[in-house]
Amino acid sequence: MIIQECLRYYKSKFTLLLTFVLIIIVGASYYSTYVQKIEWVRVLHSGAEDVNLEKVAHMVSGYTGSYYFESFLFSSDYNVLAVIILIIGFGISIGSNVFKSLNSNYGTMIVTRMSYKNYLIKILMAQVIYISTYIMGFFVLVFILTIIFLKGGLQISSNSFLTGGSVLEFLGICTVSVFHMVLYIIVLMLITTVSPLFLKNKYIIQLLPFLIVIFTYFIANVLGNISDEFAFLTSFFVLDNILFNIKRVFISSQTPLMLAMTGSVFIGLCVIAFFYMYKANIKKFGRDYIS
Numbered sequence: 016m017i018i019q020e021c022l023r024y025y026k027s028k029f030t031l032l033l034t035f036v037l038i039i040i041v042g043a044s045y046y047s048t049y050v051q052k053i054e055w056v057r058v059l060h061s062g063a064e065d066v067n068l069e070k071v072a073h074m075v076s077g078y079t080g081s082y083y084f085e086s087f088l089f090s091s092d093y094n095v096l097a098v099i100i101l102i103i104g105f106g107i108s109i110g111s112n113v114f115k116s117l118n119s120n121y122g123t124m125i126v127t128r129m130s131y132k133n134y135l136i137k138i139l140m141a142q143v144i145y146i147s148t149y150i151m152g153f154f155v156l157v158f159i160l161t162i163i164f165l166k167g168g169l170q171i172s173s174n175s176f177l178t179g180g181s182v183l184e185f186l187g188i189c190t191v192s193v194f195h196m197v198l199y200i201i202v203l204m205l206i207t208t209v210s211p212l213f214l215k216n217k218y219i220i221q222l223l224p225f226l227i228v229i230f231t232y233f234i235a236n237v238l239g240n241i242s243d244e245f246a247f248l249t250s251f252f253v254l255d256n257i258l259f260n261i262k263r264v265f266i267s268s269q270t271p272l273m274l275a276m277t278g279s280v281f282i283g284l285c286v287i288a289f290f291y292m293y294k295a296n297i298k299k300f301g302r303d304y305i306s
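Quick note: the sequence shown, position 5, residue 20 per our numbering, numbers continuous.
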């Protein structure tokens, strides 16, 4: 059932639509990086006497394929937008599946063949596999196409925050960053899937992961302005800080412990909330499902 459910998600027209939107976002990010390069090229050919031509030429040559990908993944608002689109897309397409099953004859038919607990576990596993393979696959494909078709390919850019690093280090950092993104999205979707425990409206359930993200920004903006202490605490919940945490290892003076906390506090709290909701969900619907 797990593989069948996962394939059903992939065959959905919504997956195709989601991919199309993501391609537009990546394209917009790459175009923005290209415009920056063109501006430096104009400076290089401007003939201005106060311009360090050697430095500018060095920056222009640094716009390699790997730098286009890096600009999208680590230092671009487009990456945050892509994550939000993924959250909204997954929420709409698969977030309310359990809720719909609980309110349909299909759900009753399933439970006559297996326990509700087994059914829920299989749904959750299918969603984890689908989300992780889809996101990983998409970014791997974008990366491969980028280094094949853009000048400089896999060469580490002189403009990169990883200047002086090896290709292997670059690949490792990209992998960890994407994995971190996947983990962030998965925990939100797991909470969404078991949210029928207290939510009874399909549309609210579908938008729940997005609403959680918006709520974290709201809390950070409201409480963060009260005092430095609140600003410090709420910084652990903001999407931007979580996503780009891996980059701060190279450019920030923060301690490794602080960086680890920034990247894991919100995800850890979501995991705890999910396990509580999961157990309560089994207790409630495992008893009341067929009645």
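Backbone N, C-alpha and C fix where the C-beta goes; we use that ideal spot for every residue, glycine too.
Which word fits residue i, buried or exposed, when buried means at least 16 other C-beta atoms lie within 10 angstroms of its C-beta?
i, result
"Ile188", "buried"
"Tyr78", "buried"
"Glu69", "exposed"
"Thr178", "exposed"
"Val66", "exposed"
"Phe230", "exposed"
"Asn216", "exposed"
"Ile18", "exposed"
"Ile37", "Before going on, a small fix: residue 37 reads as Leu here, not Ile. Buried."
Rounded to whole angstroms, how far is the Cβ of residue i from the Cβ of residue j, which I believe are closer than 8 Å?
i, j, result
"Phe225", "Ile102", "5 Å"
"Phe114", "Ile200", "Rounded, the Cβ-Cβ distance is 19 Å, inconsistent with contact."
"Thr161", "Tyr83", "6 Å"
"Tyr218", "Tyr24", "At roughly 20 Å, the Cβ-Cβ gap does not stay under 8 Å, so Tyr218 and Tyr24 are not in contact."
"Asn296", "Thr277", "About 30 Å; that fails the 8 Å criterion."
In its own chain, which residues sit with a C-beta less than 6 Å from the C-beta of residue i, not counting the 5 before and 5 after it?
i, result
"Met292", "Val209 and Leu212"
"Phe300", "Tyr131"
"Ser306", "A caution first: Ser306 carries a pLDDT of 46, below 50, which makes its placement in the model unreliable, though a value can still be read off. Cβ within range, chain order: n/a, list empty."
Would you report the Cα separation of residue i and residue j, rounded to the nearest angstrom?
i, j, result
"Ser130", "Leu222", "28 Å"
"Ser250", "Ala63", "43 Å"
"Tyr149", "Met16", "19 Å"
"Ser33", "Ala43", "Position check: residue 33 holds Leu in this sequence, whereas Ser was assumed. Taking the straight line from one Cα to the other gives about 15 Å."
"Lys294", "Val143", "18 Å"
"Trp55", "Asn174", "12 Å"
"Glu85", "Phe158", "10 Å"
"Gly180", "Gly80", "16 Å"
"Ser192", "Ile234", "25 Å"
"Val58", "Thr48", "16 Å"
For residue i, I'd like the list of residues in its chain whose CB is within less than 8 Å of its CB, leaving aside the five on either flank, ordered along the chain.
i, result
"Ala288", "Ile206"
Keeping to the same chain, check which residues put their C-beta closer than 7 Å to that of residue i; ignore five residues upstream and five downstream.
i, result
"Ile227", "Leu203"
"Phe259", "Phe89"
"His73", "Ser173"
Does any residue of chain C have a CB that is nearer than 9 Å to the CB of residue i?
i, result
"Val280", "Absence of chain C from the displayed structure is noted, only one protein chain being present."
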